[in-house]
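Undergrad:
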Amino acid sequence: MDHFTLKHGVLHAEDVALPAIAEAVGTPVYVYSTATIERHVAVFKAALANVESGPHGPLIAFAVKANPNRAVLATLAGAGLGADVVSGGELLRALAAGIDAGKIVFSGVGKTATEMRLALENGIFQFNIESEPEAEMLSEVAVAMGLRAPVAFRVNPNVVAGTHAKISTGGSEDKFGVAYDRAMAAYARAAALPGLAVQGVAVHIGSQLTDLGPSRAAFERVGTLIADLRAAGHRITTADLGGGLGVPYDPTKPIPPLPDAYGAMVAEVTAGWNVRLVFEPGRVIVGNAGVLLSQVIRVKPGVTDPFVIVDAAMNDLMRPSLYDAWHDIRSVTPNGDKMTANIVGPICESGDTFAKKRQMDVVKADDLVTFMTAGAYGATMANTYNSRALTPEVLVSGNKWAIVRGRQPIEALIAGDTLPPWIEEEQA
Ligand SMILES: *Cc1c(COP(=O)(O)O)cnc(C)c1O
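Residue numbers 437 to 864, in our numbering, belong to the letters of the sequence shown in order.
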């Protein structure tokens with residue numbers, strides 16, 4: 437459920453009419469709803485109410501890469517969430533947004549020594565390490581600082597997640613995690629390293645999962661591994677089950693499993709594990725808490741269907757070109773009439789296509805449209821291709837709204853490049 441609804445024929449974010457934001461900030465612009473974010477946190481927490489997770493309860497570490505805006509992270513910090521970060525930059529953002537270091541998990545296959553040092557200085561909850569060479573490097577860094585790094589190995593359970601290949605991470609040929617069959621040896625090696633404190637097991641098999649079967653299979657393997665590790669003398673106190681729960685993008689497709697069903701499955705599979713559970717949801721928290729608001733530049737006749745050319749492009753919202761992702765596209769002031777059209781951006785790439793042969797609200801030049809469910813992996817992936825400035829972002833709360841990332845002036849983009857002296861002299 438989200439808080440983007442029609443009121444008196446005009447699409448609103450909570451109590452704010454989207455045309456008011458478009459007029460004040462211009463388009464394209466991302467608009468996020470605080471009430472929707474908070475609702476998703478509450479639903480996710482409620483879904484985990486019955487899991488066994490020790491005295492502190494589960495740690496819900498929001499996957500920062502889904503939406504790293506500082507105002508969004510601060511909203512989540514206010515709701516008690518921690519963070520799953522995959523770079524030093526994300527770690528600094530999470531801290532800047534007020535997320536406790538003690539609630540931060542650091543994931544990723546390529547952590548550098550500098551990033552490890554930064555995370556150790558700040559005292560994060562756990563490093564999810566993905567290989568033995570990484571374990572060795574982390575141990576060395578920690579020893580040099582007189583510390584022990586709290587670690588879990590991310591294991592690759594070799595399950596097929598059944599999602600898009602580019603967001604599937606738990607197959608044996610994917611780059612992520614330690615192969616399940618190598619895990620016992622990796623833990624033995626890590627336990628012998630002086631700079632590591634082995635505490636857990638982690639898994640994350642992919643994103644936009646629309647069936648609980650693969651997650652259940654992966655978690656069952658984690659359960660078996662925890663028992664094997666304990667039998668071998670390791671003290672396992674945490675189990676990180678990753679993120680990946682899908683959200684509905686296309687209303688004509690079956691709805692992905694709801695958090696409640698996920699929570700019930702987790703409660704069943706993890707009963708008796710005697711660990712603190714960690715979760716790393718991203719998309720399910722922020723996905724439909726955001727829309728990309730855009731204006732129609734013109735409608736160009738096509739041989740069969742017209743092209744609706746909007747002022748948002750693949751640089752603002754990459755998911756359709758990157759993952760063939762489907763976003764609902766709506767008129768902000770629909771009159772009930774429908775048309776079939778191709779929706780494209782202005783960028784000089786055929787891949788700059790949001791939808792083909794889409795049955796959608798009738799729109800004409802200057803009308804506003806929204807790309808729904810754009811709060812996750814939207815603004816965070818924006819870039820400046822075709823010298824288009826980074827997309828601004830707005831956060832709504834009730835009848836209030838604020839710019840939480842301003843529109844980058846194109847001059848700032850140009851000034852980012854500097855000339856070498858030999859060209860500058862020639863131009864002087
Ligand atoms: C991307 C990612 C997540 C979040 O995935 P969602 O599908 O957005 O829930 C969680 N954990 C790790 C390690 C990730 O890479």
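C-beta atoms are modelled at their ideal positions from N, C-alpha and C, and glycine is treated no differently.
Please report the Cβ distance between L804 and L729, rounded to the nearest whole angstrom; I am assuming they are in contact, meaning their Cβ atoms lie under 8 Å.
TA: Their Cβ separation, rounded to whole angstroms, is 6 Å, which keeps L804 and L729 in contact under 8 Å.
Undergrad: Of the residues T599, E570 and R553, which one's Cα is nearest the Cα of M581?
TA: Nearest C-alpha to M581: R553.
Undergrad: Determine the direct distance from the alpha carbon of V577 to that of G413, and round the result to whole angstroms.
TA: The requested residue 413 does not occur in the structure, where the chain is confined to residues 437 to 864.
Undergrad: Hey, which unbroken runs of the beta strand (DSSP E) at 3 residues or more fall wholly within the stretch 507–589?
TA: Segments of the beta strand (DSSP E) lying fully in the stretch 507–589: 518–521, 540–542 and 562–565.
Undergrad: Using only CA atoms, which one of Y698, T806 and Q863 lies nearest to A483?
TA: Ranking Y698, T806 and Q863 by Cα distance to A483 puts Y698 first.
Undergrad: Quick one: residues in its chain with C-beta nearer than 7 Å to the C-beta of A619, no 5 flanking neighbours on either side, listed in chain order?
TA: These residues qualify, in order along the chain: F589, V591 and L661.
Undergrad: Do you know offhand how far D520's Cα is from P856's?
TA: Cα-Cα distance, rounded: 40 Å.
Undergrad: Please name the residue in N819, L831, E488 and T674 whose C-alpha comes closest to that of A748.
TA: It is N819 whose Cα lies nearest to the Cα of A748.
Undergrad: If you drop the 5 nearest sequence neighbours on each side, which residues of the same chain put their C-beta closer than 8 Å to that of A801?
TA: So the qualifying residues of the chain are V732, I733, R734 and V735.
Undergrad: How big is the Cα-Cα spacing for F612 and D773?
TA: In a straight line, the C-alpha of F612 is about 47 Å away from that of D773.
Undergrad: Which parts of the stretch 755–842 are runs of the beta strand (DSSP E), unbroken and 3 residues or longer, counting only runs that do not cross its ends?
TA: Listed in chain order, the complete beta strand (DSSP E) runs (minimum 3 residues) inside the stretch 755–842 are 765–767, 774–780, 789–797, 804–807, 829–833 and 836–841.
Undergrad: Under the assumption that A815 contacts N505 (Cβ atoms under 8 Å), give the Cβ distance between them as a whole number of angstroms.
TA: Correct: roughly 7 Å between the Cβ atoms.
Undergrad: Here's the rule: buried if 16 or more other CB atoms are within 10 angstroms of the residue's CB, otherwise exposed. What is N503?
TA: Under this definition N503 is a buried residue.
Undergrad: Name the one or two DSSP bridge partners that M447 has.
TA: One detail in the question is off: residue 447 reads as Leu in this sequence, not Met. L447 is bridged to L442.
Undergrad: For L495 versus K539, is the C-beta distance shorter than 8 Å?
TA: Yes.
Undergrad: Is any non-hydrogen atom of ligand 1 found closer than 7 Å to the C-beta of S757, if you look at the structure I gave you?
TA: No, ligand 1 has no heavy atom inside 7 Å of this Cβ.
Undergrad: Less than 8 Å between the C-beta atoms of M808 and R766, yes or no?
TA: Yes; because the gap between Cβ atoms is below 8 Å, this pair is in contact.
Undergrad: Could you pull out every unbroken alpha helix (DSSP H) segment of at least 4 residues lying fully inside the stretch 450–477, listed in chain order?
TA: Fully enclosed alpha helix (DSSP H) runs of 4 or longer: 454–461.
Undergrad: Is the distance from the Cβ of G465 to the Cβ of V832 below 8 Å?
TA: According to the sequence displayed, residue 465 carries Val and not Gly. No.
Undergrad: Hey, quick one: how far does the beta strand (DSSP E) through Q844 stretch, first residue to last?
TA: Segment: none, Q844 is in no beta strand (DSSP E) and carries neither H nor E.
Undergrad: Please confirm whether L454 and T806 have their CB atoms less than 8 Å apart.
TA: The answer is yes: Cβ separation under 8 Å.
Undergrad: Can you tell me whether R734 is helix, strand or coil according to DSSP?
TA: Strand, per DSSP.
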